[in-house]
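Heads up: the structure comes next, in structure tokens.
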Amino acid sequence: MAKKWEYPLSAIPKSNKLMYDSIAEVLKLRSLYDMNILTGNEINIKSLEKEIYDYACKLAAKDFSNFLEALDFELMKNRDKGLFRNKGTRKTCIKTLMGEVEY
Numbered sequence: 002m003a004k005k006w007e008y009p010l011s012a013i014p015k016s017n018k019l020m021y022d023s024i025a026e027v028l029k030l031r032s033l034y035d036m037n038i039l040t041g042n043e044i045n046i047k048s049l050e051k052e053i054y055d056y057a058c059k060l061a062a063k064d065f066s067n068f069l070e071a072l073d074f075e076l077m078k079n080r081d082k083g084l085f086r087n088k089g090t091r092k093t094c095i096k097t098l099m100g101e102v103e104y
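Numbering (the working numbering), first residue to last: 2 to 104.
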């Protein structure tokens with residue numbers, strides 16, 4: 002039996018390992034074979050590509066939200082306290098290429 006080919010994890014930068022692992026999980030859950038057997042449809046690469054893209058956008062939006070919250074905290078901590086008072090935090094939403102990002 003032929004050995005199954007796998008993408009070498011050492012070739013992926015550490016920052017992308019989480020995304021690679023998450024996309025690999027999506028592919029495991031929705032393998033082409035299982036999708037074809039369960040739905041009785043032909044394999045549709047375009048819909049699989051869209052599903053992976055949407056999942057990656059959700060991951061990127063969550064990371065971007067965490068980055069914005071950390072940046073907001075740093076700005077609050079390092080502000081000129083004599084000039085700017087602390088008004089606390091509030092939720093806001095911005096539209097990005099990844100979709101709407103709340104922070």
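No residue lacks a Cβ here, since even glycine has one placed at the ideal position from N, Cα and C.
Query - Nearest-angstrom beta carbon gap, A62 and V102 [assumed within contact, 8 Å] - result: Numbered from its first residue, the sequence shown carries residue 102 at position 101. Numbered from its first residue, the sequence shown carries residue 62 at position 61. At roughly 5 Å, the Cβ-Cβ gap stays under 8 Å, so V102 and A62 are in contact.
Query raised in the report: Just the Cα atoms here: how many angstroms apart are K92 and Y104?
Result: Within the sequence shown, the letter at position 91 stands for residue 92. Within the sequence shown, the letter at position 103 stands for residue 104. Taking the straight line from one Cα to the other gives about 6 Å.
Query - Collapsed DSSP secondary structure at W6 in the structure displayed - result: On the sequence shown, residue 6 is found 5 positions in, with the first residue counted as 1. Summary for W6: the model assigns pLDDT 43, below 50, so the residue's position carries little reliability; its value from the coordinates is reported in the next sentence. Looking at W6 - three-state DSSP - the assignment turns out to be coil, as it is neither helix nor strand.
Query raised in the report: What number of angstroms, rounded off, separates the C-alpha of A3 from the C-alpha of I53?
Result: Translated into positions along the sequence shown, residue 3 becomes position 2. Translated into positions along the sequence shown, residue 53 becomes position 52. Any answer about A3 is weak, because its pLDDT of 49 lies below 50 and its placement is not dependable; what the coordinates show is given next. Their Cα atoms are separated by approximately 27 Å.
Query - Minimum length 3: unbroken beta strand (DSSP E) runs contained in the segment 44-102 - result: 94-97, all fully within the segment 44-102.
Report task. Inspect the beta-carbon positions of M77 and N87 and report whether they are closer than 8 Å. Result -> Translated into the one-based positions of the sequence shown, residue 77 becomes position 76. Translated into the one-based positions of the sequence shown, residue 87 becomes position 86. Result yes, Cβ atoms of M77 and N87 sit closer than 8 Å.
Query raised in the report: Leaving out the 5 sequence neighbours to the left and right, which residues in its chain are closer than 7 Å to E70 when beta-carbon positions are compared?
Result: Within the sequence shown, the letter at position 69 stands for residue 70. Contacts found: Y104.
Report task. Compute the Euclidean distance between the alpha carbons of L72 and I95, then round it to the nearest angstrom. Result -> For this step, residue 72 is matched to residue 71 along the sequence shown. For this step, residue 95 is matched to residue 94 along the sequence shown. Spanning the alpha carbons of L72 and I95 requires a straight line of approximately 15 Å.
Query raised in the report: Using a beta-carbon distance below 8 Å, is N87 in contact with chain B?
Result: Absence of chain B from the displayed structure is noted, only one protein chain being present.
Report task. Thinking F65 and T90 are a contact (beta carbons under 8 Å), I'd like their distance in whole angstroms, please. Result -> Along the sequence shown, read from residue 1 onward, the residue named residue 65 stands at position 64. Along the sequence shown, read from residue 1 onward, the residue named residue 90 stands at position 89. Actually they do not touch by this definition, with Cβ atoms about 17 Å apart.
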